[in-house]
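*Asks:*
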Amino acid sequence: VALQAGDDVIVNSGATVSANGTLNLTAGYNDTDSDGGISLASTAILAGRPINLTAYDDITLGSGNQSGNTVNLNSSFGTIYMNDGGTYAFTNLSATGNTALGGTYNSTGRQTFNGPTRLFSDSLLASSGGGNITFNSTLDGSPVLTVNTSGTTAFNGTIGLSTRLGGLTTDAGGTTAFNTGVTSGVDIQGDAHFGDNVTVSGGGQIWSLRGKSTFDGTLIGDVDIILRAFNPITFNDAVSFKGHQVTSGGQ
2 VALQAGDDVI
12 VNSGATVSAN
22 GTLNLTAGYN
32 DTDSDGGISL
42 ASTAILAGRP
52 INLTAYDDIT
62 LGSGNQSGNT
72 VNLNSSFGTI
82 YMNDGGTYAF
92 TNLSATGNTA
102 LGGTYNSTGR
112 QTFNGPTRLF
122 SDSLLASSGG
132 GNITFNSTLD
142 GSPVLTVNTS
152 GTTAFNGTIG
162 LSTRLGGLTT
172 DAGGTTAFNT
182 GVTSGVDIQG
192 DAHFGDNVTV
202 SGGGQIWSLR
212 GKSTFDGTLI
222 GDVDIILRAF
232 NPITFNDAVS
242 FKGHQVTSGG
252 Q
């Protein structure tokens, strides 16, 4: 089923939009003034396999709007809001565009964030099936992020460059991969706890770790790295880089 609107799409409380197969919902179709958003009331329901929402403006997806489907979100000029503080459930999730997070995000498969992402409250991202959880752009926000998956947690953009990340925790399964591509790629205000092995790529880097930091697995990379530790930093396994330096007290 394909629904295409030239302007906003509003699904009010109690309404259901469903398809037995793919549900394509497009706002601002053939519009030239960067207009057309998708707004779903908290009790509105979407059903489809998969659900594809495309808008030229904002997309608001609440934790109660769908359950357990593959969801693909694409906003060209607006923001994808998934920050109502509730528990979201997906098979797979893909968000392309500026994205606002705040809540719990459970999937059986992958979660991919292709645009700049900001945390508005403490957030948990978890994949019970070991799907990869990937940030392909910047990640900012003062709340704390927790990521649990036996797959790969990948940060392919800077962390905390605009607003220091409040804290970061990964679980013992899988791997956490940093490929920020810039020198000052990671800035974490609070505690950082990596339960899995960590790899670093993308060139020489300087990390600012301002809370207590713990690496339970290996920390390796074919790069030069400086770890600026403002508080205690603990390594519980091997550390190996082309060249590395740890400075204490934020010096």
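Throughout, my numbering is defined as the position within the sequence shown, counted from one, plus 1. Glycine included, every Cβ here is placed at the ideal spot set by N, Cα and C.
1) So is Val2 buried or exposed if we call it buried at 16+ other beta carbons inside 10 Å?
2) If you run the structure through DSSP and keep just helix, strand and coil, what is Leu4?
3) Using CA atoms only, rank isn't needed, just tell me which of Arg165, Asn137, Ser64 is closest to Tyr82.
4) Roughly how many whole angstroms lie between the Cα atoms of Gly131 and Thr153?
5) For the candidate residues Leu120, Leu210, Val224, Gln112, whose alpha-carbon lies nearest to that of Ile234?
6) For the beta strand (DSSP E) containing Tyr106, name the first residue and the last one.
7) Give the range of the beta strand (DSSP E) segment to which Phe236 is assigned.
8) Hey, how far is the Cα of Ser163 from the Cα of Pro117?
9) Going residue by residue through the segment 77–132, where are the continuous beta strand (DSSP E) segments of at least 3 residues, counting only ones entirely within it?
10) Measure how close the beta-carbons of Ala48 and Val12 come, nearest whole angstrom, since I'm counting them as under 8 Å.
*Replies:* Taking the structure as given:
1) Here residue 2 corresponds to residue number 1 of the sequence shown, with the count starting at 1. Exposed.
2) Along the sequence shown, one-based indexing puts residue 4 at 3. Leu4: strand per DSSP, three-state reduction.
3) Here residue 82 refers to the residue found at position 81 when the sequence shown is read from its first residue. Ranking Arg165, Asn137, Ser64 by Cα distance to Tyr82 puts Ser64 first.
4) Taking the sequence shown and counting its residues from 1, the one referred to as residue 131 is at position 130. Taking the sequence shown and counting its residues from 1, the one referred to as residue 153 is at position 152. The alpha-carbon atoms of Gly131 and Thr153 are separated by roughly 8 Å.
5) On the sequence shown, residue 234 is found 233 positions in, with the first residue counted as 1. Distances from the alpha-carbon of Ile234 to those of Leu120, Leu210, Val224, Gln112 put Leu210 closest.
6) Stepping through the sequence shown from its first residue, residue 106 is reached at position 105. Run containing Tyr106: 105–108, per the beta strand (DSSP E) assignment.
7) As a position in the sequence shown, residue 236 is number 235, starting the count at 1. Per DSSP, Phe236 belongs to the beta strand (DSSP E) from 234–236.
8) Sequence index remark: in the sequence shown, residue 163 carries index 162 (1-based). Sequence index remark: in the sequence shown, residue 117 carries index 116 (1-based). Answer to the nearest angstrom: the Cα atoms are 11 Å apart.
9) DSSP runs (the beta strand (DSSP E)) wholly in the segment 77–132: 88–102, 105–108, 112–114, 118–120, 124–128.
10) Along the sequence shown, one-based indexing puts residue 48 at 47. Along the sequence shown, one-based indexing puts residue 12 at 11. Under the criterion of beta carbons closer than 8 Å, Ala48 and Val12 do not qualify as touching, at roughly 12 Å.
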